[in-house]
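Taking it in order: structure first as structure tokens, then the write-up.
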Amino acid sequence: MKIKRSFSILAGTLVAILTVCTINQPKQVNASVFQKTTVPRKFRGTWYGYDYQKKLKAFKITSSKIVLAGYGDSAIKSRTYKYTNRAHNSHADYSSHQLIKCRGNRMLMSYPMGENSAAYVANNRRKLYVGINTWVDTYYKSKAAAQKNHYADRKRSRILKLFKLVWQ
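As structure tokens, this is what we get:
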């Protein structure tokens, strides 16, 4: 009788523990998937370029956030994390995690479950080429250079050359 009673108490306790564990399953991604990182100094600063309404605009890249035309939004709070396959394939909040992976003058940028973009710094940090989708945007460190080179950057003859430069 005592064996049946202790067995039923043990089984009841086990069922209660399993029920609590299945109800309290974490819905968020494991924090170890995302590792905070900073944007390298060569990419940081205020970059000038034209947005998609053909207006000259200043875009800022800080140590923890990237805002460029077509890539980041200044109104959304976001943070940069290391780009890994686990982080890219996770189902985290799309807008709050910017993933980056740097190598030399190139930086691969992405959002979880999103498209990849690439950035390339040239001319002693005076130009920043950013490849988003199939188009390459050019940003400059000064407003005057952005205005001067805007029409030259729109020529499609340079696009293939720039596309290979950014995505190599």
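All you need for our numbering is the position in the sequence shown, starting with 1, plus 5.
From the three backbone atoms N, C-alpha and C, an ideal C-beta is built for every residue, glycine too.
Residue pairing for F48: DSSP places it in no beta bridge.
The secondary-structure analysis by DSSP pairs V141 across a beta bridge with G136.
In this structure, A127 sits away from M112, with a CB-CB distance that is not shorter than 8 Å.
Of the candidates Y125, R108, L104, the residue whose Cα lies closest to the Cα of Y116 is L104. Sorting N90, Y76, G109, Y125 by C-alpha distance to the C-alpha of S101 places Y76 at the top. Following the DSSP letters along the chain, one finds H93 inside the alpha helix (DSSP H) bounded by residues 90-93.
Membership of T85 in the beta strand (DSSP E) is indicated by the continuous run 84-87. Excluding five sequence positions before and after A92, the CB atoms of its chain that fall closer than 7 Å to its own CB belong to V38, F39, Y86, L104, P117, given in chain order.
One alpha carbon belongs to N94, the other to G119, and they sit about 9 Å apart. Nearest C-alpha to A151 among T51, T42, V44: T51. Here the alpha carbon of R108 sits roughly 14 Å from the alpha carbon of T89. An exposed status is given to D56, since fewer than 16 other beta-carbon atoms sit within 10 Å of its beta-carbon. Between the alpha carbons of N121 and T139 lies a distance of about 11 Å.
Taken through DSSP and simplified to helix, strand or coil, L73 comes out as coil.
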